[in-house]
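Undergrad: Which chain is which? The protein sequence lines are R and E, in order. Add 1481 to a position in the first sequence, counting from 1, and you land on the number used in our numbering. Add 374 to a position in the second sequence, counting from 1, and you land on the number used in our numbering.
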Amino acid sequence: MEAFKVLRPGLLTTVQDAGRVGYQKFGVPVAGALDQTALRVGNLLVGNAEGEAALEVTALGPRLLVLADVAVALTGAGMEATVDDLPLPPWQTVVLRRGNILDLGRCRWGVRAYLAVAGGLEVPVLLRSKSTCLVAAFGGYGGRALRAGDRLSVGAPAKPLEELEGRAVLPPDSPDPDREVLRVVLGPQDDRFTPEGIRTFLGETYRVTVHADRMGYRLDGPAIRHVGGADIISDYIPAGGVQVPGDGKPIVLLADRQTTGGYAKIATVIRPDLDRVAQLRPGDAVRFRQVTAAEAQGIWRAREAAFRRLAAEIGPPERRRSYRLVVEGSARTVEVEDRGLALAVSVGGRTVTVAVAPAGTRGLEVPSPLPGLVTAVHVEVGQEVRTGERLVSLQAMKMEHEVVADRDGRVAAVAVRPGQEVRTGACLIAWEASAGGSAAD
Amino acid sequence: MVELGDRIDVRLNNRVRALTLAIEQAALPGVLEVVPTYRSLAIAYDPLEVEAERLTARIAETLRHLREIRLPPPKVVRIPTVYGGAYGPDLPFVARHNGLTEEEVIRIHSRTRYHVYMIGFAAGFAYLGGLSRRIATPRLESPRLRVPVGSVGIGGIQTGVYPAETPGGWRIIGRTYVKLFDPLREPPTPMDPGDKVQFIPISEAEYLGAVSQQPSAPGGTPELAAGR
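#1: So is Thr1814 of chain R buried or exposed if we call it buried at 16+ other beta carbons inside 10 Å?
#2: Out of E:Leu474, E:Pro421, E:Tyr461 and E:Thr533, point me to the one whose CA is closest to Ser577 of chain E's CA.
#3: With 7 Å as the C-beta to C-beta threshold (strictly closer), list the residues of the region 565-581 of chain E near chain R in chain order.
#4: Would you call the CB atoms of Arg1587 of chain R and Leu1541 of chain R closer than 7 Å?
#5: Would you be able to state if there are at least three C-beta pairs under 8 Å between the region 543-562 of chain E and the region 490-506 of chain E?
#6: Quick one: which chain R residues come within Cβ less than 9 Å of Asp380 of chain E?
#7: Going along the chain, which residues of the region 399-413 of chain E sit with their C-beta nearer than 7 Å to a C-beta in chain R?
#8: Classify Lys1640 of chain R as buried or exposed, calling it buried when 16 or more other Cβ atoms lie within 10 Å of its own Cβ.
#9: So for Lys570 of chain E, helix, strand or coil by DSSP?
#10: When the cut-off is 7 Å and only beta carbons count, does Ala396 of chain E lie next to chain R?
#11: For Met1880 of chain R, count neighbouring C-beta atoms within 10 Å of its own C-beta (all shown protein chains included) and say buried if the count is 16 or more, exposed if not.
#12: Using C-beta distances below 8 Å, list every residue in its chain close to His1707 of chain R, excluding the 5 sequence neighbours before and after it, in chain order.
#13: Go through the region 1637-1705 of chain R residue by residue and report every complete run of the alpha helix (DSSP H) that reaches 4 residues or more, in order.
#14: Roughly how many whole angstroms lie between the Cα atoms of Arg1628 of chain R and Pro1490 of chain R?
#15: With DSSP as the reference, please indicate the residues paired to Pro1848 of chain R in a beta bridge.
#16: At 8 Å on the CB atoms, spell out the chain E contacts of Glu1785 of chain R, in chain order.
#17: Measuring only the C-alpha atoms, how far is Thr1574 of chain R from Leu1645 of chain R?
#18: With distance defined between alpha-carbon atoms, name the residue in R:Ala1907, R:Ala1519 and R:Ala1549 nearest to Val1847 of chain R.
#19: For Gly498 of chain E, which residues in chain R fall below 7 Å Cβ to Cβ?
#20: For Pro1839 of chain R and Ala1626 of chain R, what's the separation of their Cα atoms in angstroms?
#21: Could you check whether the Cβ of Arg391 of chain E sits closer than 7 Å to any Cβ belonging to chain R?
#22: Quick one, are the C-beta atoms of Val1527 of chain R and Ala1554 of chain R less than 7 Å apart?
#23: Check whether the Cβ atoms of Val490 of chain E and Met375 of chain E sit closer than 7 Å, and answer yes or no.
#24: Between the beta-carbon of Pro1652 of chain R and the beta-carbon of Pro1850 of chain R, is there less than 7 Å?
#25: Just to confirm the assignment, what range does the alpha helix (DSSP H) spanning Phe467 of chain E have?
#26: Give every residue of the same chain whose Cβ lies closer than 8 Å to the Cβ of Gly1853 of chain R, excluding the five residues on either side of it in the sequence, and list them in chain order.
#27: Taking CB distances under 7 Å as the criterion, tell me whether Ile417 of chain E reaches chain R.
#28: Quick check on DSSP: helix, strand or coil for Ala1629 of chain R?
#29: Would you mind telling me which residues of chain E sit closer than 9 Å to Gln1771 of chain R, beta carbon to beta carbon, in chain order?
#30: Is there a Cβ of chain R sitting closer than 7 Å to that of Gly459 of chain E, yes or no?
#31: Counting only Cβ pairs nearer than 8 Å, list the residues of chain R close to Ile531 of chain E.
#32: For Ile433 of chain E, list the residues DSSP reports as bridge partners.
#33: If you draw a straight line from the alpha carbon of Arg438 of chain E to that of Thr1749 of chain R, how long is it in whole angstroms?
#34: Which residue wins for smallest C-alpha separation from Ile453 of chain E, given the options E:Val526, E:Leu440 and E:Arg413?
#35: So, does the CB of Pro446 of chain E fall closer than 7 Å to a CB anywhere in chain R?
#36: State buried or exposed for Gln1739 of chain R, treating a residue as buried only when at least 16 other CB atoms are found within 10 Å of its CB.
So, in structure tokens, the structure goes:
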């Protein structure tokens, strides 16, 4: 079924799934989503198999015309995504209707976001995967990034759209406070480096250069010393392999890497931490921390166990709430149902649907990312706040969640108090418009 | 990663090949794929299915019995190649550089049965061993931006075929119509590590005839993606 028409393709939007396993011995890169966690969670939200094909969006997202009713979930980097100009809540399943315009907008933090669609993207399976292999120009959508005019098809959803709608997970800390630290297992050519070189690698801070893409991230920083030269007889490069060529600057190799290479590899970044690399931008700092192979396996197992728990927990959230409304002595029951982009308000048998974000303050509101209970408010009206500082604490799904500032600004209004229940999208605080700007967009 | 040595050498490479075969045949649970290279073998596995220690023990045991592995005889993959002219713009340079005529270069290049050490660097790119020193030629000082797919070249002491149109610094001496990588085919490349490659000189007429009979570009076209 045709689901989307591409109006504007974005910077680099490709079809990616869990990757192409089994063909590296033919020189075929694994490809696949760079942030595998974001891909898997998105797919779980829309009821797909975890490794199903989704759109990987890079920095500037596409603008899509919705051609048929679909359920989608946006995960990964923080995008300024909208549906018909209303904010699209991330990390939850939203039903889009035929005729909607979905615009993934720009990245506020991170680099790569994922649009999972219930039923998965329908592209040919080549060498057992739907991933786009950009370097060999095959797979995914015609072996290339999306262009304006392209039409995307999706498969049949696993569940009816109404059942998928509203499923949500706690969004990760945005951006990930641990993202600077990459855990590594030393080797296989760590013996080609001096002890001083290894200390440098593990002790210093490196920065992502502009040469950072799906094949690998080149880093800049203190040079790492080799024993003898940097050249080895070409051998296999694992995902996360850190090559150090003659200039001593490390390169972290990623999904689209060449399968073999001739530079010594000092270490391998552990798989779960490759998701962090996927969200690093040029200029970001990086530090390497050593773990043993056994510890790396333990981290992997723990992460997979967390996924199993998540898969079991994702289900229809508490979306319906009843209120007693007393008007001039007469009491009515009002039912409010959260539908992601809108609320359905029912009184006396009549239902009215209202959109979530009031116009006029769009962009100046900090919306609640999920339904929950406000446990603490950390700011007050007039307070100057910096990016990353806490605004409001919420309790949701038995966990504490901190809503933090995504910008430097001054608080114009605080709309909630501790003990208050909020729904997704409810305004928590509002910023003052900056001088020279206006409240309406 | 199993490292069997530290040199480029056919016997060592055959040990890698034997180990690859043994592991693939053993179908050990949890092994996702194996990647043989010049002198080592990488084994990708799922840590949820098999513990590293157990897998390492199984591999060590397999290594002890490596001599008993019967390697299938290598197949000889023939690569019909049209040498020189528009298809081999660097053939005159290779000849001059080595003090040979173009015909001698073609004869020396096509006489050798090259050993496939591994497939890597790019999909379908075979690292071939055995190029005669008499026609070894340094790479271009400045690589071409686009080398036509199927180009046969010499770069230093290496020879090989470009499986896709990419930039390249090798001296191009000919072109083949054989698809070195086809994602619609299983397996996607015509040769395996351990096979032998022989370049067979053909005429331009034969080359053009073969090309005209080939289906068009490999899969993954937007028309297929639209799910008609």
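We treat Cβ as the ideally placed atom computed from N, Cα and C, and that holds for glycine. Keep in mind the model is a prediction, meaning the values are calculated, not measured.
TA: Result, derived from the coordinates:
#1: Thr1814 of chain R counts as exposed, since fewer than 16 other beta carbons sit within 10 angstroms of its beta carbon.
#2: Between Ser577 of chain E and the set E:Leu474, E:Pro421, E:Tyr461 and E:Thr533, the nearest pair of CA atoms involves E:Tyr461.
#3: Contacts with chain R (Cβ-Cβ distance below 7 Å) from the region 565-581 of chain E involve no residue at all.
#4: Against a cut-off of 7 Å, the Cβ pair of Leu1541 of chain R and Arg1587 of chain R comes out as a contact.
#5: In this structure the region 490-506 of chain E lies against the region 543-562 of chain E, because at least three pairs of beta carbons, one per stretch, are closer than 8 Å.
#6: Within chain R, the residues Ile1713 and Ile1714 have their CB atoms less than 9 Å from the CB of Asp380 of chain E, given in chain order.
#7: Flagged, chain order: Leu406, Glu407, Val408, Val409, Pro410, Thr411, Tyr412 and Arg413.
#8: Burial is judged here by how many other beta carbons sit within 10 angstroms of a residue's own beta carbon; Lys1640 of chain R has fewer than 16 and is exposed.
#9: Shown here, Lys570 of chain E sits in a strand according to DSSP, grouped into three states.
#10: At a cut-off of 7 Å between beta carbons, Ala396 of chain E makes no contact with chain R.
#11: Of the other Cβ atoms in all chains shown, fewer than 16 fall within 10 Å of the Cβ of Met1880 of chain R; this residue is therefore exposed.
#12: The residues are Arg1673, Phe1674, Thr1675, Gly1678, Val1725, Gly1727, Gly1729 and Ala1745.
#13: Inside the region 1637-1705 of chain R, DSSP marks whole alpha helix (DSSP H) runs of 4 or more residues at positions 1642-1645 and 1676-1684, from first to last along the chain.
#14: Rounded to the nearest angstrom, the two C-alpha atoms are 5 Å apart.
#15: Looking at the DSSP output, Pro1848 of chain R shares a beta bridge with R:Cys1908.
#16: Those are Leu422, listed as they occur along chain E.
#17: If you take the alpha carbons of Thr1574 of chain R and Leu1645 of chain R, they lie about 6 Å apart.
#18: Minimum Cα distance to Val1847 of chain R is reached at R:Ala1907.
#19: Those are Phe1507 and Gly1508, listed as they occur along chain R.
#20: Any reading at Pro1839 of chain R needs caution, since the residue's pLDDT is 41, under 50, leaving its predicted position unreliable; the model's value is listed next. The alpha-carbon atoms of Pro1839 of chain R and Ala1626 of chain R are separated by roughly 35 Å.
#21: Chain R, which has no Cβ nearer than 7 Å to the Cβ of Arg391 of chain E, makes this no.
#22: Note that the C-beta distance between Val1527 of chain R and Ala1554 of chain R is below 7 Å.
#23: For Val490 of chain E and Met375 of chain E, no; Cβs fall outside 7 Å.
#24: A Cβ-Cβ contact shorter than 7 Å links Pro1652 of chain R with Pro1850 of chain R.
#25: First-last of the alpha helix (DSSP H) with Phe467 of chain E: Leu465 to His471.
#26: Correct list, in chain order: Leu1875, Gln1876, Ala1877, Met1878, His1882, Glu1902 and Val1903.
#27: So, not an interface residue.
#28: Collapsing the DSSP output to three states places Ala1629 of chain R in coil.
#29: Neighbours of Gln1771 of chain R on chain E: none; closest Cβ ~17 Å, over 9 Å.
#30: No - not a single Cβ of chain R is within 7 Å of the one on Gly459 of chain E.
#31: Under a criterion of Cβ atoms nearer than 8 Å, no residue of chain R is adjacent to Ile531 of chain E; the nearest Cβ is some 14 Å distant.
#32: Ile433 of chain E is not bridged to any residue.
#33: CA-to-CA, the gap between Arg438 of chain E and Thr1749 of chain R works out to about 28 Å.
#34: Ile453 of chain E has its Cα closest to that of E:Val526, out of E:Val526, E:Leu440 and E:Arg413.
#35: Not one chain R Cβ lies under 7 Å of Pro446 of chain E.
#36: So Gln1739 of chain R counts as buried.
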